[in-house]
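Written out below as structure tokens is the structure these notes cover.
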Amino acid sequence: MRKSILGLSAFALVALSAPAMAQDEPAPAVTVTGNAAVVSDYRFRGISQTNKKFALQGGITVTHESGFYVSTWGSSIDEYVANGSDQELDLIGGYSTTVGGATIDVGVLYYYYPGNAGANTDFVEPYASIKGTFGPATAKLTANYAPKAKALTVGNGKEDNLYLAGDVSASIPNTPLGVSAHLGHSFGPSYLTIGKEYTDWNIGATYTWGHLTFGVSYVDTDKSLYSSAGHNISKAGVLGSLTASF
């Protein structure tokens, strides 16, 4: 969902010379943002969801000035992820607010897999995060907990899943470049860990040009997991992405 670094545009220059009344127009109560992307491999917590192949992705978010927001995000996936489904659709509702220098975000995420041949693959995952900015850098801690559900089971009955993660990102001053690092741990056993808990991590860099962002990242896990096609979908890899924001 899943940030651009924007320079001073011609529109901004015109605004600076406009009458003060035009500058004092109130911000809209509701804002809409979106993005579309192509990635060389869709990794979910370090595990490939596309059999280490390209994916098309996109999302849209509607935010109210109160801090409440709703969002949807989708990606193409391989059929082994959700019993023959070739698409993941995430439906999100949440609330974000700033307390002092920290931004707190809480919400619920629903994973929906259309075309899953009637299998029980959809599940709900509440989440909470806290984020702080330090100069050009931002640090974020996140917790996602999926309550017990049949969709998460790898044995009998129902199983749950907990994911804890830390992220650090920074923009390089006076440049369109950004860098990031991520460390996460999935606690199991559940379908999301395929029986055994594991750790994932990645480091990345981005270059932003207008509404386009080019990204490259190195992703790895301490897990060994193979798809039905014989690919190690948890193996380390270098990934590329191109994202358009609007």
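Residues -22 to -1, 1 to 224 in mature numbering (1 follows the signal peptide of the UniProt record, and there is no 0) are what the sequence shown spells out, letter by letter. Glycine included, C-beta positions come from ideal geometry on N, C-alpha and C. A quick note: this is a predicted structure, and the numbers were derived from the prediction, not measured.
Going by DSSP, name the residue or residues bridged to G144.
-> Within the sequence shown, residue 144 is the residue found at index 166, counting from 1. BP columns for G144 point to L119, L161.
Exposed or buried, D56, counting other C-beta atoms within 10 Å across all chains shown (16 or more means buried)? As a position in the sequence shown, residue 56 is number 78, starting the count at 1. Flag for D56 reads buried.
Find the nearest neighbour of D100 within the set P125, P167, Y204, judged by alpha-carbon distance.
Taking the first residue of the sequence shown as position 1, residue 100 is located at position 122. For the residues P125, P167, Y204, the minimum Cα distance to D100 belongs to P125.
Original post:
Around the Cβ of I211, are there at least 16 other Cβ atoms within 10 angstroms (buried) or fewer (exposed)?
Top reply: Position 233 of the sequence shown, counting from 1, holds the residue named residue 211. The Cβ neighbour count for I211, taken over all protein chains shown within 10 Å, is at least 16; the residue is labelled buried.
Assumed close pair G45, S74 - CB separation to whole angstroms, cut-off 8 Å: Locating residue 45 in the sequence shown gives position 67, where the first residue counts as 1. Locating residue 74 in the sequence shown gives position 96, where the first residue counts as 1. S74 and G45 do touch by the CB rule: their CB atoms are close to 5 Å apart, below 8 Å.
Notebook entry, point to check: Residue range of the beta strand (DSSP E) that F192 falls in?
Noted result: Here the question's residue 192 lines up with position 214 in the sequence shown. 190 to 199 is the span of the beta strand (DSSP E), which, as asked, contains F192.
Review point. So what's L170 in DSSP terms, helix, strand or just coil?
Key: Residue numbering aside, residue 170 sits at position 192 when the sequence shown is read from its first letter. It is coil, neither helix nor strand.
Roughly how far, in whole angstroms, is the beta-carbon of residue 225 from the beta-carbon of A117, given that I think they are within contact range, below 8 Å?
Because the chain here runs from -22 to 224, residue 225 falls outside it and cannot be looked at.
Which term fits N152, buried or exposed, when burial requires 16 or more other beta carbons within 10 angstroms of its beta carbon? Indexing the sequence shown from 1 puts residue 152 at position 174. Exposed: under 16 other Cβ atoms inside 10 Å.
Practice problem: Count the CB pairs spanning the segment 186 to 196 and the segment 205 to 221 that are closer than 8 Å, and state whether there are at least three. | Solution: Yes: the two stretches touch, three or more of their Cβ pairs being nearer than 8 Å.
For residue 229 and S54, which I take to be in contact (beta-carbon distance under 8 Å), what is that distance rounded to the nearest angstrom? One cannot answer for residue 229 here, as it falls past the ends of the chain, which runs -22 to 224.
Inset, instruction - Measure the Cβ-Cβ separation of T11 and I38 and say whether it is below 9 Å. - result: Counted from its first residue, the sequence shown places residue 11 at position 33. Counted from its first residue, the sequence shown places residue 38 at position 60. Yes, Cβ-Cβ distance for T11 and I38 is below 9 Å.
Which of helix, strand or coil does DSSP assign to A5? To locate residue 5, count along the sequence shown from 1; it is residue 27. Coil, per DSSP.
Original post:
The beta strand (DSSP E) with G72 in it runs from where to where?
Top reply: Here residue 72 refers to the residue found at position 94 when the sequence shown is read from its first residue. Where G72 is concerned, the enclosing beta strand (DSSP E) stretches over 65 to 77.
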